[in-house]
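**Q**
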Amino acid sequence: MKLEEIKITMLGTTGAGKTSYLLGMYAVMQTGIQGFTLAAKDMDLDLELTQRWEKLISVKGEDRWPTPNAAAMEYYGFDFSYGFRPLMGFKWLDYRGLALSDRSTEQDVADLVEYITESECLFLCISGEYLVDQITPKTVREIKSDRMNQFIQQYVSTKKNPDPQNPFPVAIVITKYDLCHHRNRDDIIEDVKKLFQGLFTPNSGWLVMICPVSLGKELCDDPENANIVPVNVHLPVVFAVYSQLRAYGLKLKAQRDHFFLAVEATKQTNPLMQLLKSSEIREKTTQLQNCDAEITVVEENMKLLSQELQQASLYFSGSEVTADV
Ligand SMILES: Nc1nc2c(ncn2[C@@H]2O[C@H](COP(=O)(O)OP(=O)(O)OP(=O)(O)O)[C@@H](O)[C@H]2O)c(=O)[nH]1
Ligand SMILES: [Mg+2]
0 MKLEEIKITM
10 LGTTGAGKTS
20 YLLGMYAVMQ
30 TGIQGFTLAA
40 KDMDLDLELT
50 QRWEKLISVK
60 GEDRWPTPNA
70 AAMEYYGFDF
80 SYGFRPLMGF
90 KWLDYRGLAL
100 SDRSTEQDVA
110 DLVEYITESE
120 CLFLCISGEY
130 LVDQITPKTV
140 REIKSDRMNQ
150 FIQQYVSTKK
160 NPDPQNPFPV
170 AIVITKYDLC
180 HHRNRDDIIE
190 DVKKLFQGLF
200 TPNSGWLVMI
210 CPVSLGKELC
220 DDPENANIVP
230 VNVHLPVVFA
240 VYSQLRAYGL
250 KLKAQRDHFF
260 LAVEATKQTN
270 PLMQLLKSSE
280 IREKTTQLQN
290 CDAEITVVEE
300 NMKLLSQELQ
310 QASLYFSGSE
320 VTADV
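Residue numbering for the sequence shown is 0 to 324, as defined by numbering that gives the first Met the number 0.
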């Protein structure tokens, strides 16, 4: 199985915790989840991310945290593997840029919309620090959720042929969840749904995950010294890959049906015709078998990933769903 590279755009205001999240996610995914691992394509990047992570876990004080990104966009290339065999490439965009702020220019916005349009998955980062109490109109301004909604709107309007079979996956990642975990989880989820109502409307076809993440549940009391023990940081990536496999699996099934019908149609013809077409039948039968074998592999991978996703809240067209195969 060889899938194309997938692009992920991570969107969130400055200070939302995107880079810290990326470091934690990389550390956890390097070790792996259910045999799935992530590795930087470039050895220098691997070293850099590992060193920044080491600093975060071993240094005490304010310096442990990453410095705010200098550039508006930062790219990272990864390989996602199962048993060290690459399944798909990952191009990760850490976007803090101006497009979310009030100072954005039309060009900033156009650039980001173009990038999102090319992405296979969108991560919306919202910080738990703004969810400590029930949301108010101020929360919308802090999280910039309306700006994010505008980008989703723009993305939709640039799509020529939206495909209901192949929904665009969006992960709403609640970073720094330690800061709001005193609240009832369902209440927080209800608040998040209110902030991004368009993603939860019936028949809208959005596949959405709401996922709380944190780099350590004690960080809320002492962010400079508390132990770093990442929670749930792998789930958004698992969701992205799961969605991609799901789409790929549907494509394979359509292909298999096509080969199956072709073989059957030839078998219906008279014996002479069948003889003349015997090599074609053989070829199509082989293609059919290969397709079946590949579907089995995709489904096995999806099954492993879906076990992990049981811990997250998943919605399709506004209804809560469980990840299945
Ligand atoms: N309590 C808590 N604080 C966190 C956590 N992760 C990050 N922080 C805090 O959030 C700050 C900002 O995190 P960054 O990862 O730099 O945020 P960013 O979204 O990359 O910001 P820009 O690069 O400016 O766009 C850090 O300096 C930490 O103080 C977490 O899991 N829990
Ligand atoms: Mg950053």
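We treat Cβ as the ideally placed atom computed from N, Cα and C, and that holds for glycine.
Entirely within the stretch 178 to 231 and at least 3 residues each: give me those beta strand (DSSP E) ranges in chain order.
**A** With a minimum length of 3 residues, the continuous beta strand (DSSP E) runs that stay inside the stretch 178 to 231 are 206 to 211.
**Q** What are the partner residues of G34, as DSSP defines its beta bridges?
**A** Locating residue 34 in the sequence shown gives position 35, where the first residue counts as 1. Paired residues: none, contrary to the question.
**Q** So, at 6 Å on beta carbons, what are the nonlocal neighbours of Y75 in its own chain, with the 5 sequence-adjacent residues on each side left out?
**A** By one-based count along the sequence shown, residue 75 stands at place 76. The answer, listed in chain order, is W91.
**Q** What does the Cβ neighbour count give for P67, buried or exposed, with the cut at 16 atoms within 10 Å?
**A** Here the question's residue 67 lines up with position 68 in the sequence shown. So P67 ends up on the exposed side.
**Q** With a Cβ-Cβ cutoff of 7 Å, do M208 and L313 count as a contact?
**A** Within the sequence shown, numbered from 1, the residue matching residue 208 stands at position 209. Within the sequence shown, numbered from 1, the residue matching residue 313 stands at position 314. Contact flag set, yes.
**Q** Verify the contact flag: T174, CB atom, against every heavy atom of ligand 2, threshold strictly below 6 Å.
**A** Working through the sequence shown from its first residue, we reach residue 174 at position 175. False, no ligand heavy atom lies under 6 Å from that Cβ.
**Q** Give me, in chain order, the residues of the same chain whose beta-carbon lies closer than 7 Å to that of F259; leave out the 5 immediate sequence neighbours on both sides.
**A** The count along the sequence shown starts at 1 and reaches residue 259 at position 260. L287.
**Q** Can you tell me where the alpha helix (DSSP H) with K54 in it begins and where it stops?
**A** Taking the sequence shown and counting its residues from 1, the one referred to as residue 54 is at position 55. First-last of the alpha helix (DSSP H) with K54: M42 to S57.
**Q** Just list the residues that DSSP pairs I280 with in beta bridges.
**A** Counting from one through the sequence shown, the residue named residue 280 turns up at place 281. Looking at the DSSP assignment, I280 forms no beta bridge with any residue, so it has no partner.
**Q** Should L10 be listed as close to ligand 1, given that the test is whether its C-beta is under 6 Å from any heavy atom?
**A** Here residue 10 corresponds to residue number 11 of the sequence shown, with the count starting at 1. L10: no, Cβ never under 6 Å from ligand 1.
**Q** From what residue to what residue does the alpha helix (DSSP H) around S242 run?
**A** Here residue 242 refers to the residue found at position 243 of the sequence shown. Segment L234 to Q267, the alpha helix (DSSP H) holding S242.
**Q** Measuring CA to CA, which of K54, H181, A253 and V236 is closest to D220?
**A** Taking the sequence shown and counting its residues from 1, the one referred to as residue 220 is at position 221. Ranking the options by Cα distance to D220, first place goes to H181.
**Q** With DSSP as the reference, please indicate the residues paired to F89 in a beta bridge.
**A** By one-based count along the sequence shown, residue 89 stands at place 90. The partner list for F89 (beta bridge, DSSP) reads I5 and F77.
**Q** Under the criterion of a Cβ to heavy atom distance below 6 Å, does A15 qualify as lining ligand 1?
**A** As a first step, residue 15 must be located in the sequence shown, where it is residue number 16. Indeed, a heavy atom of ligand 1 lies less than 6 Å from the Cβ.
**Q** Given this structure, state the Cα-to-Cα distance separating L48 from E282, to the nearest angstrom.
**A** Numbered from 1 along the sequence shown, position 49 holds the residue referred to as residue 48. Numbered from 1 along the sequence shown, position 283 holds the residue referred to as residue 282. So the two alpha carbons sit approximately 47 Å from each other.
**Q** Quick check: what's the CA-CA separation for T18 versus V297?
**A** Here residue 18 is taken as the residue at index 19 of the sequence shown, counted from 1. Here residue 297 is taken as the residue at index 298 of the sequence shown, counted from 1. Each residue's alpha carbon lies about 31 Å from the other.
**Q** Does Q243 pass the burial test, meaning 16 or more other C-beta atoms within 10 Å, or should it be called exposed?
**A** The count along the sequence shown starts at 1 and reaches residue 243 at position 244. With 16 or more other Cβ atoms within 10 Å, it is buried.
**Q** Does ligand 1 have even one heavy atom less than 6 Å from the beta-carbon of W64?
**A** Position 65 of the sequence shown holds residue 64. Yes; taking the cut-off as 6 Å, the Cβ of W64 has a heavy atom of ligand 1 nearer than that.
**Q** Which residue wins for smallest C-alpha separation from G60, given the options M42, G317 and I227?
**A** Position 61 of the sequence shown, counted from the start, is the residue given in the question as residue 60. The candidate whose alpha carbon is nearest that of G60 is I227.
**Q** Can V172 and C210 be called in contact, C-beta distance under 7 Å?
**A** Numbered from 1 along the sequence shown, position 173 holds the residue referred to as residue 172. Numbered from 1 along the sequence shown, position 211 holds the residue referred to as residue 210. Yes, the pair counts as a contact, with Cβ atoms nearer than the cut-off.
**Q** Just to check, is the beta-carbon of C219 closer than 6 Å to a non-hydrogen atom of ligand 1?
**A** Stepping through the sequence shown from its first residue, residue 219 is reached at position 220. Flag set: Cβ of C219 near ligand 1.
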